[in-house]
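Everything below concerns the one structure shown next.
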Amino acid sequence: MHDRKNFSLLCVSDCFGHGFTTRSGGVSCIPTLSSLNLFSSCKRRDPVAVVMENKRRLALHAGFHPLPLQSVKVNHASDVWVLGQAEPDSYDSMVTNQSGLVLTAPGADCMPILFADPVKRVIGAAHAGWKGTLMGVAMATVNAMVTNFDCRLNDILVAVGPAVGVCCFTLPREQALDFLSIHPDCVPDPESPKPHVDIRLASRVLLQNGGVLPEHIHDDSVKDQNWVSQCTSCHPDDFFSHVRDGLNFGTQVGFLWVKETAKQTAAAVGQT
């Protein structure tokens, strides 16, 4: 199991724990779900008990308790749940300043995106497919951190996890051309009936346009550590992929939590 957590942006080790999973290290046996699949549904028939064991193994490996796992819903939109407020029916993103809660964002070509403010000790996790990207889920997460926790744009760090690359992802031309308004480089072959689309570049451009510092966004444009945002479709030994594997695909996640401070830990011990 590789949680791929040794990247620079969110490595404030006394504040946060975090990582992005690969497909290895679990117990799922269905070929397209093997082996660390972290999602089960009526369409993807990995037994719930198997997925729970995979989550337990992830928690053991990464150093957190599996019970406080909070996963975003996958509605392909831009709604954000601020934990502590009423849970909305639909949300592809969550933000919190509560320590100990582990936020997870799933992906199998869609981007799991992690957000952290080490000054305010606030985190966010978002699921961003092409629809959510166009709807602005990344900046919606940032704005929720700013509005609800007084975070400053200059303090927010972002890491974009493994997702389908421009090499493998196409859309019908009408939908693909929506990305041209974000940046021309998002659609390298706009005259094609099914142009290639760079959702990772689109996410970066939207975040930068929204005020996040370019050097605070970690993705495949950071050449010394571009394995963080590897193409899921191109790496079958490492990642699940809907584009490559079809409907019965597995799911990897990005995960992030605020660590308890020494003061919080001491207080908890004193109460026992």
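Each residue of the sequence shown is one higher than the one before, counting from 108 in the numbering used here. Cβ atoms here follow ideal geometry from the backbone N, Cα and C, with glycine treated the same way. Since the model is a prediction, treat every value here as computed from it, not as a measurement.
Query: Helix, strand or coil for S131, going by three-state DSSP, please let me know.; Result: coil
Query: Taking 7 Å as the cut-off, decide whether the C-beta atoms of A212 and H234 are in contact.; Result: yes
Query: Taking 7 Å as the cut-off, decide whether the C-beta atoms of A245 and I263 are in contact.; Result: no
Query: If contact is defined by three or more beta carbon pairs under 8 Å, each pair taking one atom from either stretch, is the stretch 290-299 in contact with the stretch 225-244?; Result: no
Query: Given N333, which residues of its chain have a CB within under 6 Å of its CB, disregarding the five upstream and five downstream residues?; Result: Its pLDDT being 48, under 50, N333 is placed unreliably by the model, and nothing is read from it.
Query: I'd like the ranges of any alpha helix (DSSP H) spanning at least 4 consecutive residues and lying wholly in the stretch 143-181.; Result: 155-169
Query: Measure the CB-CB distance between S135 and V155 and report whether it falls below 7 Å.; Result: no
Query: Out of curiosity, what's the CA-to-CA distance linking D153 and H168?; Result: 21 Å
Query: Determine the direct distance from the alpha carbon of M252 to that of S142, and round the result to whole angstroms.; Result: 34 Å
Query: Keeping to the same chain, check which residues put their C-beta closer than 8 Å to that of S200; ignore five residues upstream and five downstream.; Result: V179, S185, D186, V187, W188, A212, G231, A232, A233, H234, V244, A247, T248 and A251
Query: Using alpha carbons as the reference points, say which of T339, T139 and M159 lies closest to V271.; Result: T339
Query: Do the stretch 352-361 and the stretch 287-295 make contact, defined as three or more Cβ pairs closer than 8 Å?; Result: no
Query: Roughly how many angstroms lie between the CA atoms of E194 and A223, to the nearest whole one?; Result: 21 Å
Query: Can you tell me whether R259 is buried or exposed? The criterion is at least 16 other CB atoms within 10 Å of its CB, across all chains shown.; Result: exposed
Query: Report the residue ranges of all alpha helix (DSSP H) runs contained in full by the stretch 255-292; include only those spanning at least 4 residues, in chain order.; Result: 280-283
Query: Which of the three DSSP states is assigned to P138 in this structure?; Result: helix
Query: How far does the alpha helix (DSSP H) with H323 in it extend, from its first residue to its last?; Result: That residue, H323, is in no alpha helix (DSSP H); it is neither H nor E in DSSP.
Query: Please list, in chain order, all residues of the same chain as R351 whose beta carbon is under 6 Å from its beta carbon, the five residues on each side excluded.; Result: S340
Query: Let me check one thing: in DSSP terms, what residues is T339 bridge-paired to?; Result: The partner list for T339 (beta bridge, DSSP) is empty, contrary to what the question assumes.
Query: Does G239 come out as helix, strand or coil in the three-state DSSP assignment?; Result: helix
Query: Suppose the cutoff is 7 Å on Cβ atoms and the five residues either side in sequence are ignored; what does the same chain contact list for P295 look like?; Result: V273 and H303
Query: For G191, is the classification buried or exposed, using 16 other Cβ atoms within 10 angstroms of its Cβ as the cut-off for buried?; Result: exposed
Query: With DSSP as the reference, please indicate the residues paired to S310 in a beta bridge.; Result: Answer by DSSP bridge pairing: none, since S310 is not bridged.
Query: Assign L174 to buried or exposed, taking buried as 16 or more other Cβ atoms, counted over all protein chains shown, within 10 Å of its Cβ.; Result: exposed
Query: How would you call P269, buried or exposed, if buried means at least 16 neighbouring beta carbons within 10 angstroms?; Result: buried
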